[in-house]
Structures are given as C-alpha cells and as structure tokens.
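Undergrad: Quick one: the structure is below, and I'll ask about it shortly.
There are 2 protein chains.
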Amino acid sequence: MFLADCQARLAFDLLANTWNAVVVWSLRHGPRRPGELRGQIGGISHKVLTETLRRLEFNGLVERHAYAEAPPRVEYALTGLGRSLLAPIETFGAWAFEHADEVLAAQDRWEEETIASPTPPRAERPS
Amino acid sequence: MFLADCQARLAFDLLANTWNAVVVWSLRHGPRRPGELRGQIGGISHKVLTETLRRLEFNGLVERHAYAEAPPRVEYALTGLGRSLLAPIETFGAWAFEHADEVLAAQDRWEEETIASPTPPRAERPS
DNA sequence: CGCGTCACGCACCGATCGGTGCCTAACGGA
DNA sequence: TCCGTTAGGCACCGATCGGTGCGTGACGCG
Chain R
1 MFLADCQARL AFDLLANTWN AVVVWSLRHG PRRPGELRGQ IGGISHKVLT ETLRRLEFNG
61 LVERHAYAEA PPRVEYALTG LGRSLLAPIE TFGAWAFEHA DEVLAAQDRW EEETIASPTP
121 PRAERPS
Chain A
1 MFLADCQARL AFDLLANTWN AVVVWSLRHG PRRPGELRGQ IGGISHKVLT ETLRRLEFNG
61 LVERHAYAEA PPRVEYALTG LGRSLLAPIE TFGAWAFEHA DEVLAAQDRW EEETIASPTP
121 PRAERPS
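Residue numbers (full-length UniProt numbering), protein chains in the order written: chain R, 1 to 127; chain A, 1 to 127.
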C-alpha cells in the first residue's frame, strides 16, 4: 500500500493540493455557487477556486451545472464519488481537532531546543 | 471545520506534500533507516526524503535516532503522535483502493467527451 | 592508498502552485 | 447610458516543490 506505482497514491494526489479537500468539504451540504464557496472558504483566490473545481470535475468528484440566466449562474455539486470522500476527510478533520495542539507544541519545542535554528523546515503554521 | 483559520487546516498542511503521508506510512512497522525507506518507497530522491523527514520531525510525527558508529547509522521512528495519524491515513488508503477505478474512469470520460481538450487540468496520473 | 558505504549538505533548475490584476459577456436598474 | 453583478479567462509573478549532481566526513576493506 502506497508503494511505488500503487493506486493508493492516487488518493494523496487528490488531496495534495491546498484547496481540494477544503472545497469538497464545503460542498458537503449540497450545491454551491462559486461566490458562496469563496465566501465560506477564507482566503482562496477566484482563479485558484475555478482551477480547483475544474480539477475536481476532471477527477469525477464534482459536477458543474450552468444555468443560462441573466447574471450567469453556476452551481457545483458533489457526485456520488465525491460524497464517498467525505468520510475520510472527516476522519482527518477529527484527527486534526484532537491533535492540533500537539503538533503546535512540537513545533514550539523545536524552536526552543535548537537555538537560532538555521532553517525552520517550513512554516506549516496557519498565517 | 476547515473554514478560514480553523485548526483543521493543519491536518491538510501535514499531508499537502507529496511524500509526507507515504513516509509516515512506511514507518508504521517500526524504525527504518533512510536507505531502507528509499528502497521501500519508489522514486523519492534522497534530498526530498531528508527534507520530508526533517519536516515530520519538526511537526513531532517522527523521531530521529543517530548512532555514532562506523558507517553512520540513523533510524527514524514514529512518535505517538505519528502513530495516531496512521488510522486516518489508512482510511484514505482504503478509500483509494475502493474508488481508484472510478477516478480513473472519470478521467478517461473527460478525455472522450471533450474532443481535443485544451488543457487537461492536470496529470493526476501515476506515471 | 584508493575505493566503497552511509547520511547528508549545497548549488542549481525546471515545473507547478497560488495570488493579483485586468479583461469580457450578458443582463437589470438608476 | 453607465454602473453593478456574476462567472471566468488570461497575463504575469514570486514562492515552493521535487529532482539531479557533486562534495564531505568517518570508517572498513583489499
């Protein structure tokens, strides 16, 4: 599992992007319009949102429905496949809630122990 | 959950990298040396492996044990926090096994429907 | 003495990620 | 007529990701 060309790597490619899982999660309660998504999710640019939605559509996780109306209206909804991904995502979210403080504590510990650390491996910290 | 500055975003930063989850998973059965990891995992460069391990160490998921021996010997092991992440990772892996074919089918469908697609949103395909 | 092993650092590089800013198209309202 | 709204395309940009290649230090072996 997860070795070399294993299919399981595919799952991580689906979550490798910063926003994929967040967008999927934001669609869990039904169809949403891009504007709504941009509102619900904080700090995603409109370009990246559409790119993300295209990618999710390409992978069969969401469906795009465009209505030819006065102000253009578009809705994105999860497919069955997309909905099946909600459970794993929630598992992760639960883990994060339980252990976020431990991760933060570990990061702080690192900063203490190594005096003047040359290159803190990465921010990894919500701005 | 997953909104704006929510802590749950942290979980995805931990998996945002291509190799983080794979390396954690490769350590599930006990300590491993870098060489072993490079062997188990396919196609990871030595630079990226050490970077990944440093990052995991920084986040408190793995521990580094160096033995001052003749040919330098180093072992990396999961911490308790790291082990607690195995369950969510496995959940994902299970999802991938179940649905990988659906994702691939969706991708193929995309290629059929849109004749000469201008920009296939992304490879997202194991090479 | 030269070679191999092992962990790892560093310089360099191309590809991708994500962000900003500006553009269109189509309509309703003032 | 001009503005606002909505979706989204396009150009451009800096930061990061991941890869290659080379060097080092300490040892063991022939």
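By construction, the Cβ of each residue, glycine as well, lies at the ideal position given by its N, Cα and C atoms.
Starting from residue 21 (chain R), trace the alpha helix (DSSP H) in both directions and tell me its first and last residue.
TA: It spans 20-26 - the alpha helix (DSSP H) in which residue 21 (chain R) sits, taken as one unbroken run.
Undergrad: Please name the residue, chosen from R:87, R:19, R:88, that lies closest to residue 46 (chain R) on a Cα-to-Cα basis.
TA: When only C-alpha atoms are compared, the closest one is R:19.
Undergrad: Going along the chain, which residues of its own chain have a beta-carbon closer than 7 angstroms to the beta-carbon of residue 52 (chain R), five neighbours each way excluded?
TA: Cβ neighbours of residue 52 (chain R) beyond the five flanking positions: 17, 19, 20, 23.
Undergrad: For residue 102 (chain R), which residues of its own chain have a beta-carbon under 7 angstroms away from its beta-carbon, when the five flanking residues on both sides are left out?
TA: No residues qualify anywhere along the chain.
Undergrad: Would you identify the three-state DSSP class for residue 98 (chain R), choosing helix, strand or coil?
TA: Here residue 98 (chain R) sits in helix by DSSP.
Undergrad: What separation, rounded to the nearest whole angstrom, lies between the Cα atoms of residue 82 (chain A) and residue 27 (chain A)?
TA: The alpha-carbon atoms of residue 82 (chain A) and residue 27 (chain A) are separated by roughly 9 angstroms.
Undergrad: For residue 69 (chain R), which of helix, strand or coil comes out of DSSP?
TA: In the structure shown, residue 69 (chain R) sits in coil (DSSP, three-state: anything other than H, G, I, E or B).
Undergrad: Please report whether the beta-carbon of residue 50 (chain R) lies at a distance below 8 angstroms from any beta-carbon of chain A.
TA: For residue 50 (chain R), the answer is no, since every Cβ of chain A falls outside 8 angstroms of its Cβ.
Undergrad: Could you give the distance in angstroms between the alpha-carbon of residue 127 (chain A) and the alpha-carbon of residue 7 (chain R)?
TA: Confidence in residue 127 (chain A) is poor, its pLDDT being 28 and thus under 50, which makes the residue's placement too unreliable to answer from.
Undergrad: I'd like to know if residue 102 (chain R) contacts chain A, where contact means its C-beta is closer than 8 angstroms to some C-beta of that chain.
TA: It does: the Cβ of residue 102 (chain R) has a partner Cβ on chain A nearer than 8 angstroms.
Undergrad: Using the Cβ count rule (16 or more neighbours within 10 Å means buried), how would you classify residue 9 (chain R)?
TA: Counting Cβ neighbours within 10 Å, residue 9 (chain R) comes out buried, since at least 16 surround it.
Undergrad: Since residue 77 (chain R) sits in a beta bridge, which residues does DSSP pair it with?
TA: Its beta-bridge partners are R:63.
Undergrad: Drop a sphere of 10 angstroms on the beta-carbon of residue 60 (chain R), count the other beta-carbons inside from all chains shown, and report buried for 16 or more, exposed for fewer.
TA: It is buried - the Cβ of residue 60 (chain R) has at least 16 other Cβ atoms within 10 Å.
Undergrad: Looking only at DSSP bridge pairs, what is residue 32 (chain R) linked to?
TA: The partner list for residue 32 (chain R) (beta bridge, DSSP) reads R:76.
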